[in-house]
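In our numbering, the protein residues as written are 17 to 320. Scroll down for the structure; my scribbles are underneath it.
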Amino acid sequence: MSRESLVGTTLAGYEIRSVVGEGGTSAVYRADHPTHGTVALKVLRDRLRQDRTAVQRFVREAQYGGRVLHPNVVRTIEIGEAEPGLHFLAIEWAGGEILEKYAKKHCPIPAPEVADIVGQIAAAVQAAHDAGIVHRDLKPENVMYDPASRQVKLLDFGIAAEADQSADERLTRAGFFVGTLMYVAPEALSGEMVTAAADQYSLATIAYFLLSGCHPYSGKSPREMFTQLLSQPPLPLGKAKEGLLVSPAVEAVVMKGLSKSPADRYPDVKSFAAALRGALDAPAPEPPKGEAGVFGKLKGLFKR
């Protein structure tokens, strides 16, 4: 059975309705099941059926996702093999849209909404850490967001890792890393062992993006990004774009989460999210004096 022919067919009891996403290793479908209702059905690509590494990663994603039970993590429903090599993963259908798409349309996002989004992602990630799992690929593309309810669902444990693996198993050689370069922690590039602190760095980058519509580094190529991440400090949040107003407190929290040294970050992702919410809940910064002066003159004119 080829991937292209799956729409309109039934796989292991799942009636496949439509394609909702495609990646390098799998396709994701919307499907209906008589018991589970509407689900997202992830199916390994045909060309990878005999690829042992790809199959192991696919199965591992299901196993890790199944271990993290939290309202902000998509629920793993079933993993199986419909026929030899045809591996599938059924997960909870999450409403809304990919956070990346939403953010690109609405950034900078209002402070209360950012606090809600980051807080929910942090809760999901903390649940993974408590289960002994480091996500390693936190990014807006791996988050479903429903703006109406402000509900967040964390997706994709495909490159997650056990937090207690040995250094030999977890060590990444310099120049080789897992994750997405725009959101990856510097230690993942320099050959250090990646820990839960790397997820905090990625979450701080998400917060930076939601608050500004920009990223802490502006490399135009992977090589330039790689160099900047290893050798330069991130651009302060307040300087991310012209006219952006953020309080010193908010900037301090985000930049602490973006510290190059894991030891300089918050103790855990929950602490980062709590500090950010506290800073975002404080009164907004006043506009620059020059701008305030212009507003004052205009108000004076209207009073005449």
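C-beta: ideal position from N, C-alpha, C; glycine also.
Roughly how many whole angstroms lie between the Cα atoms of V84 and H151?
-> 11 Å
Please check the pair I107 and V55, which I expect to be a contact at CB under 8 Å, by giving their CB distance rounded to whole angstroms.
-> 6 Å
Looking only at DSSP bridge pairs, what is F16 linked to?
-> Nothing in the structure corresponds to residue 16, since the chain is present only between 17 and 320.
In the DSSP assignment, what are the bridge partners of Y45?
-> V35, L57
What are the boundary residues of the beta strand (DSSP E) that includes D162?
-> 159–162
Along the chain, which unbroken stretches of the beta strand (DSSP E) at least 3 residues long are found entirely within the segment 124–162?
-> 159–162
Rounded C-alpha distance that separates V44 from P299 | 43 Å
Buried or exposed: Q142, going by 16 or more other Cβ atoms within 10 Å of its Cβ?
-> buried
State the beta-bridge partners of E113 as determined by DSSP.
-> Y161
Is the segment 150–169 close to the segment 77–92, with three or more CB pairs under 8 Å?
-> yes
For K257, name the three-state secondary structure that DSSP assigns.
-> coil
E129: which of N158, P163, Y224, E97 sits nearest, CA to CA?
-> P163
Could you tell me the distance, in whole angstroms, from the CA atom of D48 to the CA atom of G101?
-> 22 Å
Would DSSP call K169 helix, strand or coil?
-> strand
By a C-beta neighbour count over all protein chains shown, 10 Å radius and 16 as the cutoff for buried, is R281 buried or exposed?
-> buried
Helix, strand or coil: how does DSSP classify Y118 here?
-> helix
Neighbour-count burial assignment, H103, 16 or more Cβ in a 10 Å radius | buried
Bounding residues of the alpha helix (DSSP H) (the contiguous stretch that carries S218) = 212–228
Counting pairs of beta carbons, one from the segment 64–72 and one from the segment 26–34, are three or more of them closer than 8 Å?
-> no
Please name the residue or residues paired with V359 in a DSSP beta bridge.
-> Because the chain here runs from 17 to 320, residue 359 falls outside it and cannot be looked at.
Kindly list the residues whose CB is nearer than 6 Å to the CB of A131, restricted to its own chain and excluding five residues on each side of it in sequence; keep chain order.
-> R293, L296
Can you find at least 3 beta carbon pairs, one from the segment 213–233 and one from the segment 261–279, that sit closer than 8 Å?
-> yes
Of the listed residues P50, G24, A70, T51, nearest to S42 (C-alpha basis) = A70
Close beta carbons around K58, own chain, < 6 Å, minus the five adjacent residues each side | S42, V44, L105
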